[in-house]
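Read the structure below first, then the notes.
Residue numbers (our numbering): 114 to 195.
Structural data, given as structure tokens:
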């Protein structure tokens, strides 16, 4: 059963708002953008505690929820993007 669009949007925004916090509470995590034809790996939380960018382009929702909200230097960009 599909939920109506108007029911999904508030849940989506609440989930995205918690993404940055969630990434700092997991040992390893992966963030995918599935808005295109194929899911794309955007970032990875490593066992060393960093969130590493894995894409040349960062969606605005990720920038707002994680990148722009971080007060830590634990987010880094990688030169060898996939």
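Just so you know, even glycine gets a beta-carbon here, dropped at the ideal spot from N, CA and C.
DSSP three-state label for residue i, please.
i: residue 133; result: helix
i: residue 164; result: strand
i: residue 139; result: coil
i: residue 156; result: strand
If I'm right that residue i touches residue j with Cβ under 8 Å, what's the distance once you round it to whole angstroms?
i: residue 153; j: residue 146; result: 5 Å
Would you mind sorting residue i into buried or exposed? The rule is 16 or more other CB atoms within 10 Å of its CB.
i: residue 166; result: buried
i: residue 131; result: exposed
i: residue 139; result: exposed
i: residue 178; result: buried
i: residue 133; result: buried
Considering Cα atoms alone, identify which of the options is closest to residue i.
i: residue 199; options: 137, 129 and 135; result: Shown here, the chain extends from 114 to 195; a query on residue 199 therefore has no answer.
i: residue 142; options: 163, 170, 180 and 168; result: 163
i: residue 160; options: 137, 126 and 124; result: 137
i: residue 127; options: 148, 144 and 174; result: 174
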